[in-house]
Amino acid sequence: MFRTRFAPSPTGYLHIGSLRTALFCYLFAKKNKGVFVLRIEDTDRERYVADAVEKLIKILNDFGLHPDEGPTIEKSKVSEKGKFGPYVQSERLEIYKKYAEQLVKEEKAYYCFCTAERLEQVKKQQSEKGVPPCYDGHCRGLDQSEIKKEISAGRPHVIRQRVPKTGLTEYDDLVYGHLQFKNELLDDSILIKSDGYPVYNFANVIDDHLMEISHVIRGEEFLSSTPKHIMLYNAFGWTPPVFAHLPLILDAKRQKLSKRSGDVAVEEYVKKGYLKEALLNFIALLGWNPKTEREIFSLEELVAEFAFDKVNKGGAFFDVTKLD
Ligand code: GLU
Ligand code: ZN
3 MFRTRFAPSP
13 TGYLHIGSLR
23 TALFCYLFAK
33 KNKGVFVLRI
43 EDTDRERYVA
53 DAVEKLIKIL
63 NDFGLHPDEG
73 PTIEKSKVSE
83 KGKFGPYVQS
93 ERLEIYKKYA
103 EQLVKEEKAY
113 YCFCTAERLE
123 QVKKQQSEKG
133 VPPCYDGHCR
143 GLDQSEIKKE
153 ISAGRPHVIR
163 QRVPKTGLTE
173 YDDLVYGHLQ
183 FKNELLDDSI
193 LIKSDGYPVY
203 NFANVIDDHL
213 MEISHVIRGE
223 EFLSSTPKHI
233 MLYNAFGWTP
243 PVFAHLPLIL
253 DAKRQKLSKR
263 SGDVAVEEYV
273 KKGYLKEALL
283 NFIALLGWNP
293 KTEREIFSLE
303 ELVAEFAFDK
313 VNKGGAFFDV
323 TKLD
């Protein structure tokens with residue numbers, strides 16, 4: 003069974019790049035008679051925006067990218083469909099905690115009691131020596147009695163992954179091909195923060211596994227996080243999904259499309275009067291090359307034509323003139 007997911011963080015608007023991710027997830031799922039899941043990644047509490055989830059659901063539906071599972075709006079209230087819920091990460095905190103504790107028990111993760119001041123000090127020393135900032139492993143070797151003492155003293159702590167310091171992490175990306183990363187360059191990153199919330203990297207892996215996602219399709223900016231994700235799958239003994247990263251979207255200056263480049267919110271283009279069909283058609287061609295002269299595709303036609311062997315690695319130029 004093919005299962006893809008679009009996993010936005012609710013920021014209050016839909017970025018052009020996110021619409022492309024959602025579209026490609028949708029196209030790949032539909033092409034393979036699979037399931038398109040919407041999951042809300044809202045564990046970064048500082049970024050919480052009211053109504054953002056409603057807005058997201060609505061705009062996806064407006065573009066015809068109806069999720070088969072995930073939050074939906076019924077009778078103007080947010081509810082859910084699908085049997086892998088909850089699909090909103092802030093409602094899954096207990097699940098993340100349980101899996102993090104499992105890794106601690108298996109010594110694949112550990113409690114870290116370092117204070118912000120200490121970590122700041124370490125970072126300073128590293129930058130003075132000209133080495134990249136990295137957790138120095140101070141709490142990697144704490145023994146059970148020390149840990150118990152710290153916890154019963156109520157000391158705040160995070161949970162960090164114990165990353166192997168040698169060897170390679172490798173995988174085959176549907177777009178970028180075979181990729182290798184040196185483990186020594188990977189940090190013992192935090193899985194659960196001191197407030198009990200998971201970090202993106204951890205929650206993302208747990209959910210992709212539990213929601214039985216077969217293909218993770220997302221922007222190139224997550225390529226460098228993927229080895230961390232694969233290490234987590236390995237730590238749990240789970241088979242990782244297939245990954246496909248989509249090329250950067252570039253502005254007229256051939257820089258990553260950002261707020262500095264002009265409008266990046268899909269809502270802005272809709273407001274200006276661009277037709278949704280035109281926007282979708284245009285966005286589909288950001289990185290996907292049908293290898294024909296043909297330029298006009300309906301959503302159904304895109305489903306029929308879409309394939310990853312026609313997705314390029316090179317940056318995709320966001321050409322507003324062409325959109326016009
Ligand atoms: N929540 C991430 C985002 O905001 C999702 C990344 C992913 O698809 O793994 O884009
Ligand atoms: Zn520590």
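Each residue of the sequence shown is one higher than the last, beginning at 3 in the working numbering.
All residues carry an ideal CB built from backbone N, CA and C; glycine is no exception.
Note that this is a predicted model, so its numbers are computed, not measured.
Excluding residues up to 5 positions away in sequence, 16 lie with their Cβ nearer than 6 angstroms to the Cβ of residue 61 in the same chain. For residue 235, the enclosing alpha helix (DSSP H) has its first and last residue at 228-238. By the C-beta criterion, the region 136-155 is judged not to be in contact with the region 87-102, since fewer than 3 inter-stretch pairs fall below 8 angstroms. From the listed residues 164, 264, 257, the smallest Cα separation to residue 110 is found for 164. Taking 8 angstroms as the cut-off, the beta carbon of residue 235 is found no closer than this to the beta carbon of residue 229. The region 313-322 and the region 246-264 touch, with three or more beta-carbon pairs separated by less than 8 angstroms.
Classified as exposed, residue 135 has fewer than 16 neighbouring CB atoms from the shown chains inside 10 Å of its CB. Residues 221, 251 of the same chain have their beta carbon placed closer than 6 angstroms to that of residue 19, with the five preceding and five following residues left out of the count. Excluding sequence positions up to five before and after residue 194, its CB lies within less than 8 angstroms of the CB of 98, 99, 102, 160, 161, 200, 201, 204, all in the same chain and listed in chain order. Under a 10 Å Cβ-count criterion, residue 85 is classified as exposed, with fewer than 16 other Cβ atoms of the shown protein chains found around its own Cβ. Note that the region 29-40 touches the region 297-316; at least 3 beta-carbon pairs, one per stretch, sit closer than 8 angstroms.
Applying a distance threshold of 6 angstroms between residue Cβ atoms and the heavy atoms of the ligand ZN selects 114, 115, 116, 140, 141, given in chain order. In this structure, the CA atom of residue 75 is about 36 angstroms from the CA atom of residue 239. For residue 83, no alpha helix (DSSP H) encloses it; the enclosing beta strand (DSSP E) starts and ends at 79-83. In this structure, the ligand GLU has no non-hydrogen atom nearer than 7 angstroms to the beta-carbon of residue 173.
Counting every other CB atom within 10 Å of its CB across the protein chains shown gives residue 104 a total below 16, marking it as exposed. Shortest Cα-Cα distance from residue 141 to any of 125, 116, 158 involves 116.
Membership of residue 257 in any beta strand (DSSP E) is not indicated, and neither H nor E is assigned to it by DSSP.
For residue 128, the enclosing alpha helix (DSSP H) begins and ends at 118-131. At a cut-off of 7 angstroms, the beta-carbon of residue 56 does not count as near the ligand GLU: no heavy atom of the ligand is closer than that. For residue 9, the closest of 295, 37, 244, 90 by C-alpha to C-alpha distance is 90. DSSP, reduced to helix, strand and coil, places residue 245 within a strand of the structure shown. Taking every protein chain shown into account, the CB of residue 206 has 16 or more other CB atoms within 10 angstroms, so this residue is buried.
At least one heavy atom of the ligand GLU falls within 7 angstroms of the beta-carbon of residue 9. Counted as a single uninterrupted DSSP element, the beta strand (DSSP E) harbouring residue 220 occupies residues 217-221. Taking C-beta atoms as the reference points, residue 219 and residue 27 count as a pair closer than 8 angstroms. Annotation for residue 201 indicates a beta carbon at 7 angstroms or more from all heavy atoms of the ligand GLU. DSSP, reduced to helix, strand and coil, places residue 138 outside both helices and strands of the structure shown, so it counts as coil. Taking a C-beta distance under 8 angstroms as the contact criterion, residue 44 and residue 12 qualify as a contact pair. Between the alpha carbons of residue 23 and residue 288 lies a gap of roughly 10 angstroms. Distance between residue 6 and residue 114, taken at the CA atoms: about 34 angstroms. Residue 176 places its beta carbon 8 angstroms or farther from that of residue 124. Within the chosen limit of 7 angstroms, the ligand GLU reaches the beta carbon of residue 224 through at least one heavy atom.
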